[in-house]
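According to the working numbering, the sequence shown is numbered sequentially starting from -8.
Even for Gly, the Cβ is constructed at its ideal location relative to N, Cα and C.
To start, the structure itself, in structure tokens.
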Amino acid sequence: MPHIKAKSFNMMLSVSCTSVGVALVLLLVMICAINEGFRYRAKFAIFGIACLVFTVIYLPFMFLNIGSWKNALVPAWLLRQTYRRVLGIKFEVRGKENIVRDSGCVVLINHQSMLDLGVLAELWPVLERCVVISKKEILYFGPFGLASWLWGTIFINRQNIEESRRVINSTSRYIKEAKMKLIFFPEGKRHSGNTLIPFKKGPFHLGISSQVPIQPVVVSKYFFLNNKSKRFDSGTGYITILPPISTEGMTKDNIQELIDKSYEVMNTSFIQTSQEALTKHMESLKND
């Protein structure tokens, strides 16, 4: 009899815990549906936790191939599933025919939000042989910083321009011999305006010194995200890989010309694709 009672108690406890768990999930969904501010914070929390958890899960395997860009493939795949299925975010990658295949290159991407990690997750298996140039502070972000180092991120100290320049210039041979693709956010900071902000010179110095092409990549504005009003809806972003810009025969005297050309094609594409993203977002709001 005591055994039966204990078994019944455990069953009731299990059912109760399950019921409470389901109730909490439903309550969370209801609050997210009603309160935009809570949904905004909850979605960012889910995105951030997913980035951390997926890197920790795969971290031990990264030590088998230290510094390889392939170490990011599994975490990137897991992150894609999360923001597509849970957060309702979709990225459409265009212009794959423009990808530089026969050499290394300098990849330029406009920078808007923490969600740009999702953009990298989309591009990593498409571009291949990618390396990100990132601020040194990322290295100290616990397991994520360690994972970033393990998949080959090159860290620079933004406070020391000369040191940053030396680190970037030392990668010139690396790009050419290993045909690596160095990813830069040329604006130098996050920006969510209606046009791109002026580019820093660093990536262009590297492109010219290495004599490798510039690969412009443009991400449309995130109309599903509004940091001021704390709104984070479902939505679609467009990632456009533009034709490469040659640096062959260029010298440091041509750097402003290269910057202006890169900015012009990227800003034009940003405005066009952002208008398309806005139209799609407005249509989705009407359907809701």
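* Asked: Is the distance from the Cβ of E83 to the Cβ of Y213 below 8 Å?
  -> no
Original post:
Contact check, L173 vs V122 under 8 Å by CB: the rounded distance?
Top reply: 5 Å
Own chain residues within Cβ distance below 8 Å of R120, not counting five before or after:
W60, G95, A169, K170, M171 and K172
Does A36 pass the burial test, meaning 16 or more other C-beta atoms within 10 Å, or should it be called exposed? With fewer than 16 Cβ atoms within 10 Å of its Cβ, A36 is classed as exposed.
Quiz item: Going by DSSP, what residues sit across from C121 in a beta bridge?
Solution: K172
What is the DSSP secondary structure of P234, counted as helix, strand or coil?
-> Here P234 sits in coil by DSSP.
Going by alpha carbons, who is nearest to M257 out of D107, R75 and F190?
F190
- Buried or exposed: N101, going by 16 or more other Cβ atoms within 10 Å of its Cβ? buried
Next item on the list: Report the three-state DSSP secondary structure of N278 (helix, strand or coil).
Entry: helix
task = From the DSSP output, read off the bridge partner residues of T227.
result = K81
Would you report the Cα separation of V65 and Y49, rounded to the nearest angstrom? 7 Å
Q | Nearest residue (CA-CA) to L216, options Q72, W68, K81 and N62 | A | K81
Pick from I262, H272 and I40 that is closest to G133, judged by C-alpha positions:
Among I262, H272 and I40, the Cα nearest to that of G133 is on I40.
Q: On the DSSP bridge assignment, give the partners of V97 in chain order.
A: L173 and I205
Exposure of P177, with buried meaning 16 or more beta-carbon neighbours within 10 Å
It is buried - the Cβ of P177 has at least 16 other Cβ atoms within 10 Å.
- Query: What residue does the alpha helix (DSSP H) around I152 start on, and which one ends it?
  - Reply: I152 to N160
With distances taken between CB atoms, is the gap from F52 to L70 smaller than 8 Å?
Cβ distance not < 8 Å, so F52 and L70 don't count as in contact.
Could you tell me if N151 is buried or exposed, where buried requires 16 or more neighbouring beta carbons within 10 angstroms of its beta carbon? exposed
Supposed contact pair I205 and S253 - C-beta distance, whole angstroms, cut 8 Å:
Rounded, the Cβ-Cβ distance is 6 Å, consistent with contact.
Self-check item: DSSP-derived helix/strand/coil call for L216
Solution: When DSSP states are grouped into helix, strand and coil, L216 belongs to the strand group.
Next on the checklist: My output table needs one value for V256: the three-state DSSP class, helix, strand or coil.
Outcome noted: helix
*asked:* Between the alpha carbons of S282 and I147, how many angstroms are there, rounded?
replied: No answer is possible for residue 282: it lies beyond the span of the chain, which begins at -8 and ends at 279.
Cut-off 7 Å between Cβ atoms - residues of its own chain near Y74, not counting five sequence neighbours on either side:
F38, I80 and G109
Report the rounded CA-to-CA distance for L197 versus F29, giving the unit in angstroms.
43 Å
Assuming G240 contacts H272 (C-beta within less than 8 Å), just tell me the rounded distance between them.
With 8 Å as the limit, G240 and H272 do not qualify as a contact, their Cβ atoms being about 43 Å apart.
Margin query: Can you determine whether any heavy atom of the ligand SAH sits closer than 7 Å to the C-beta of L233, and answer yes or no?
Written below: Summarising the ligand content, the structure contains no ligands, and the ligand SAH is consequently not present.
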